[in-house]
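*Asks:* Attaching a single structure in structure tokens format; questions to follow.
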Ligand code: HEC
């Protein structure tokens with residue numbers, strides 16, 4: 028496909044994905060906030076079956092929201108459901124993943140330094156991981172393990188670590204991260220589709236029939252919506268992770284992912300408790316300290332590169348020729364790469380001035396993180412990396 032057309036498709040699908048994702052996560056945050064802020068209603072409302080009451084002001088108007096103990100005696104004419112936010116986020120996310128990582132597998136997903144797999148194999152592994160993980164998750168939630176939500180949570184966390192580790196053995200580092208994100212997003216949307224919406228339908232059907240809904244549905248819905256609450260922030264991190272090679276490109280990328288899931292879940296917990304007027308500042312302090320520790324622990328050391336620098340470099344090496352050969356096929360005003368016809372991220376490295384301006388980022392991506400050239404498409408050698416470090420890195 029013409030790269031210009033792919034770029035536009037990418038832009039449009041990503042735009043839809045971000046907008047629907049905001050709608051989904053926004054609604055989800057709002058309802059958790061709402062649930063946790065409900066107050067004891069006055070007697071006359073309790074008699075109507077209302078158990079929680081809330082007043083809010085927004086956009087120049089007063090709102091009064093009431094939550095029923097179980098269900099209203101009669102259903103209203105118009106009942107709003109929240110499901111298309113989730114479905115459209117998943118569908119657009121799936122198309123975006125397919126466009127970037129499957130159509131563009133050779134650029135983004137397959138890294139010959141990790142594993143020399145074909146495009147078909149890569150797609151097979153990717154789809155297998157996404158749908159396979161969802162089935163395993165579903166089985167775990169129905170298993171006796173689900174009786175202890177803490178234990179189940181621990182099993183799920185370990186599974187995510189294993190998945191990230193396994194995928195990092197076959198995919199490019201960022202492809203592996205993005206697939207973990209796709210797995211989590213699929214589980215979350217699957218929870219809406221397979222559990223939350225069916226349980227709401229059962230509730231509505233029971234009210235229509237004048238009976239009481241099966242409490243087992245409510246329990247299942249509660250379990251998976253708790254999972255969704257704590258998975259929201261990790262999945263947002265993975266969505267933006269491709270900007271941060273210090274995470275996905277690290278030797279222990281899978282462990283970093285687990286750490287970030289724990290940190291973001293802790294941050295979510297802080298807000299969930301705060302909604303209930305339970306202020307636990309030490310939780311937020313824990314988030315900050317853990318983030319600092321993580322940043323410190325994964326900090327790349329440039330000393331290592333320097334220590335192994337050869338005493339003398341091949342005299343034919345020069346910064347300009349290295350950049351021209353290894354980088355400017357993409358990072359140029361007139362790229363020659365068949366996929367990147369416009370300089371990626373606007374980084375143009377055609378002249379010595381350009382190189383000087385971008386020196387710090389060049390070192391960051393070629394020496395420190397070593398994720399450029401992209402999947403080492405232009406076969407940059409280790410000696411060239413050390414040479415750049417020597418000449419530009421000071
Ligand atoms: C095959 C194409 C390709 C080659 C070759 C390539 N890059 Fe990149 N580069 C990309 C893409 C795509 C991005 C944007 C995505 C990303 O940040 O991972 C990028 C992003 C960057 C960025 C980040 C810009 C920013 O601030 O967001 C830097 C710096 C960079 N490249 C430097 C280099 C250097 C230095 C080389 C040569 C050693 C190089 N690249 C070779 C494709 C390439």
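Numbering (our numbering), first residue to last: 28 to 421. Think of the CB as a built atom: it goes at the ideal place given N, C-alpha and C, for glycine as much as any other residue.
Over the uninterrupted beta strand (DSSP E) stretch that includes residue 81, give me the two end residues.
*Replies:* 77–85
*Asks:* How long is the line joining the alpha carbons of residue 327 and residue 137, rounded to whole angstroms?
*Replies:* 24 Å
*Asks:* Expressed to the nearest angstrom, what Euclidean distance is found between the alpha-carbon atoms of residue 188 and residue 284?
*Replies:* 7 Å
*Asks:* Are residue 40 and residue 154 closer than 9 Å when you measure CB to CB?
*Replies:* Their beta carbons are not under 9 Å apart, which means residue 40 does not touch residue 154 by this criterion.
*Asks:* Quick one: is the Cβ of residue 350 within less than 8 Å of any heavy atom of the ligand HEC?
*Replies:* yes
*Asks:* Using a threshold of 8 Å, is the CB atom of residue 215 nearer than that to any non-hydrogen atom of the ligand HEC?
*Replies:* no
*Asks:* Could you say if the stretch 410–419 and the stretch 340–348 meet the contact criterion of at least three C-beta pairs nearer than 8 Å?
*Replies:* yes
*Asks:* Quick check on the DSSP output: the alpha helix (DSSP H) that includes residue 120 runs from which residue to which?
*Replies:* 111–124
*Asks:* Comparing C-alpha positions only, which one of 247, 35 and 235 sits nearest to residue 225?
*Replies:* Among 247, 35 and 235, the Cα nearest to that of residue 225 belongs to 247.
*Asks:* Answer with buried or exposed for residue 223, where buried requires no fewer than 16 other C-beta atoms within 10 angstroms of its C-beta.
*Replies:* buried
*Asks:* Unbroken alpha helix (DSSP H) runs of length 4 or more, entirely within the stretch 131–167: which are they?
*Replies:* Taken in chain order, the unbroken stretches of alpha helix (DSSP H) that lie wholly in the stretch 131–167 and span 4 residues or more are 132–135.
*Asks:* Report the partner residues of residue 66 according to the DSSP bridge assignment.
*Replies:* 80
*Asks:* Please report the distance separating the alpha-carbon of residue 277 from that of residue 366.
*Replies:* 26 Å
*Asks:* In this structure, what does DSSP give as the bridge partners for residue 90?
*Replies:* 83
*Asks:* What's the gap between the Cα of residue 15 and the Cα of residue 151?
*Replies:* A question about residue 15 goes unanswered here, because the residues of the chain that appear run from 28 up to 421.
*Asks:* Cβ of residue 398 versus every heavy atom of the ligand HEC: is any distance shorter than 8 Å?
*Replies:* In this structure, the C-beta of residue 398 approaches the ligand HEC to less than 8 Å from one of its heavy atoms.
*Asks:* Between residue 350 and the rest of its own chain, which residues show a CB-CB distance below 7 Å, the 5 nearest in sequence each way excluded?
*Replies:* 376 and 382
*Asks:* State the Cα-Cα distance for the pair residue 167 and residue 173, rounded to the nearest angstrom.
*Replies:* 7 Å
*Asks:* Report yes if the CB atom of residue 370 is closer than 9 Å to the CB atom of residue 419, and no otherwise.
*Replies:* Cβ distance not < 9 Å, so residue 370 and residue 419 don't count as in contact.
*Asks:* Can you check which of these residues, 364, 414, 231 and 345, is closest to residue 106 by C-alpha distance?
*Replies:* 231
*Asks:* Taking C-alpha atoms, which residue in 396, 301, 305 and 243 lies nearest to residue 274?
*Replies:* A check of alpha carbon separations from residue 274 across 396, 301, 305 and 243 identifies 396 as the nearest.
*Asks:* Mind listing, in chain order, the continuous alpha helix (DSSP H) runs of no fewer than 4 residues lying wholly within the stretch 195–283?
*Replies:* 200–218, 224–235, 242–267 and 272–275
*Asks:* So, using beta-carbon positions, are residue 213 and residue 265 closer together than 9 Å?
*Replies:* no
*Asks:* Relative to the C-alpha of residue 267, which candidate in 33, 44 and 34 has its C-alpha closest?
*Replies:* Closest in C-alpha terms to residue 267, from the list 33, 44 and 34, comes 44.
*Asks:* At a threshold of 8 Å, does residue 371 count as lining the ligand HEC (C-beta to nearest heavy atom)?
*Replies:* At least one heavy atom of the ligand HEC lies less than 8 Å from the C-beta of residue 371.
*Asks:* Taking 8 Å as the limit between beta carbons, can you name the residues of its chain near residue 422, skipping five residues before and five after?
*Replies:* Coverage of the chain is limited to positions 28 through 421, which leaves residue 422 absent and any answer about it impossible.
*Asks:* Comparing C-alpha positions only, which one of 117, 297, 243 and 28 sits nearest to residue 310?
*Replies:* 297
*Asks:* Kindly indicate the opening and closing residues of the alpha helix (DSSP H) around residue 377.
*Replies:* Looking at the DSSP string, residue 377 is not in any alpha helix (DSSP H), and its letter there is neither H nor E.
*Asks:* By the 10 Å Cβ neighbour count, where 16 or more other Cβ atoms means buried, how is residue 28 classified, buried or exposed?
*Replies:* By the neighbour-count rule (16 or more Cβ atoms within 10 Å), residue 28 is not buried but exposed.
*Asks:* Could you give the distance in angstroms between the alpha-carbon of residue 322 and the alpha-carbon of residue 192?
*Replies:* 20 Å
*Asks:* For residue 148 and residue 308, I'd like the C-alpha separation in whole angstroms.
*Replies:* 48 Å
*Asks:* Hey, how far is the Cα of residue 279 from the Cα of residue 291?
*Replies:* 18 Å
*Asks:* Report the option in 305, 262 and 81 whose CA atom is closest to the CA atom of residue 89.
*Replies:* Checked all of 305, 262 and 81; the closest Cα to residue 89 is 81.
*Asks:* Nearest-angstrom Cα distance between residue 360 and residue 373?
*Replies:* Rounded to whole angstroms, residue 360 to residue 373 spans 9 Å at the Cα level.
*Asks:* Below 8 Å, how does it come out for the stretch 298–306 and the stretch 201–210: are there three or more Cβ pairs, yes or no?
*Replies:* no
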